[in-house]
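Read through the structure below, which is laid out as structure tokens, and then see the notes.
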Amino acid sequence: MKRTQVIANFFLDGAKILFGSLVVGAFVPGAAAGQPPLLTLAIGIGATIIFLAIADAAAKREPSSL
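Numbering of the sequence shown is given in numbering that gives the first Met the number 0, commencing with residue 0 and proceeding in unit increments.
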């Protein structure tokens with residue numbers, strides 16, 4: 000497996016974890032103790048989009064000759 004594919008898979012898995020823990024977790028009653036659920040939801044969506052963009056960029060990158 001190429002290095003760029005490993006990096007893309009890493010960030011894709013990170014996006015899944017962020018989405019599951021922050022976005023879906025914001026809807027669990029009592030999980031957002033002390034902070035508004037909208038803040039958690041916004042941060043989770045933003046971080047998921049960033050991780051997906053990095054994974055997409057790494058997957059589209061030409062593999063190096065190493």
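We put the beta carbon where it would ideally sit given N, CA and C, even for glycine.
Since the model is a prediction, treat every value here as computed from it, not as a measurement.
Residue environment, residue i, which counts as buried when at least 16 other CB atoms sit within 10 Å
i: residue 56; result: exposed
i: residue 25; result: buried
i: residue 38; result: exposed
i: residue 52; result: exposed
Sequence-distant residues of its chain with Cβ nearer than 8 Å to residue i (five each side left out)
i: residue 50; result: 10, 11, 13, 14 and 17
Same chain, Cβ closer than 7 Å to residue i, neighbours up to 5 away in sequence not counted
i: residue 43; result: 17, 18, 21, 22 and 25
Beta-carbon contacts of residue i that lie in its chain and below 6 Å, excluding the five residues immediately before and after
i: residue 41; result: none
Through-space distance from residue j to residue i, alpha-carbon basis
i: residue 45; j: residue 54; result: 14 Å
i: residue 36; j: residue 58; result: 32 Å
i: residue 27; j: residue 8; result: 28 Å
i: residue 1; j: residue 47; result: 24 Å
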